[in-house]
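For reference, the structure discussed in these notes is given below.
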Amino acid sequence: TQLLEQSPQFLSIQEGENLTVYCNSSSVFSSLQWYRQEPGEGPVLLVTVVTGGEVKKLKRLTFQFGDARKDSSLHITAAQTGDTGLYLCAGVRNTGFQKLVFGTGTRLLVSP
Amino acid sequence: GAGVSQSPSNKVTEKGKDVELRCDPISGHTALYWYRQSLGQGLEFLIYFQGNSAPDKSGLPSDRFSAERTGGSVSTLTIQRTQQEDSAVYLCASSLFGPKNTGELFFGEGSRLTVL
């Protein structure tokens, strides 16, 4: 059972465009992380959001945690070719589970 | 090294053979995870080690899969009698804290397993 659904699954855009990736669940998470993975490498953490409604900015990337802590979004402004990669959200459940649950992933391709 | 090290980076094996994948976490990290990733998709949780606690094995897909962590450091994931559906990238990650402490996971580059 996949607890975290990401959309879209694949996104191909031109450099300079804006985009939003969504991470949704019916479960409540105590915190949520976003990772980016490039081919042949492991995922690398971009941000952790903890508080419902929290918004964090990392240069051109804006991350938001839903008020109910069930969903999150990643918005990229003026995408660059270097943003290409697989974006993964990952949630920590507050039910005592110790494992980080990863989303289905969004593959982003930014063309020049 | 400074990061998580995994070996082998690539493994091709025949159906029915056993394979061992090794993970050397970042020194001092008490939490260690194994995930499986198929065709560049999301990560499937396999097993989690935290200090001296009993591991969380709830993600292991069958009894052909097992893992151990010796001395709280190096971990080995063993797949017995491999099947074609076991083909995937196996990722290891370590963390200074458990996930309840929102610890960042540091991933290795993965071991790509191909079962012919």
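Protein chains in written order, with the numbering used here: chain H, 1 to 112; chain P, 1001 to 1116. Backbone N, C-alpha and C define an ideal beta-carbon position, used for all residues, glycine too.
| Query | Result |
| --- | --- |
| Three-state class that DSSP yields for H:T81 in the structure shown | helix |
| Straight-line Cα distance separating P:Y1033 from P:S1066 | 13 Å |
| Delimiting residues of the beta strand (DSSP E) encompassing H:D71 | D71 to I76 |
| Below-8 Å beta-carbon distance, H:P43 vs any chain P residue | yes |
| Burial state of P:Q1084, where buried means 16 or more other Cβ atoms lie within 10 Å | exposed |
| Closest by C-alpha distance to H:L86, when choosing among H:F102, H:R93 and H:T77 | H:F102 |
| Residue environment, H:L109, which counts as buried when at least 16 other CB atoms sit within 10 Å | exposed |
| Within-8 Å CB hit, P:L1039 to chain H | no |
| Proximity of H:L4 and H:L11 at Cβ, strictly below 8 Å | no |
| Residues that P:L1119 contacts on chain H, provided the C-beta gap is smaller than 8 Å | Examination of residue 1119 of chain P is not possible in this model, given that chain P is present from 1001 through 1116 alone. |
| Cβ pair count under 8 Å reaching 3, the stretch 1103 to 1110 of chain P against the stretch 1049 to 1067 of chain P | no |
| Residue-level contact to chain P via CB, H:L100, 8 Å cutoff | yes |
| Terminal residues of the beta strand (DSSP E) in which P:F1081 lies | Checking the displayed sequence, the identity of residue 1081 of chain P turns out to be Arg instead of Phe. That residue, P:R1081, is in no beta strand (DSSP E); it is neither H nor E in DSSP. |
| Cutoff 6 Å; reference H:R107; Cβ partners in own chain excluding five residues on either side | F10 and L86 |
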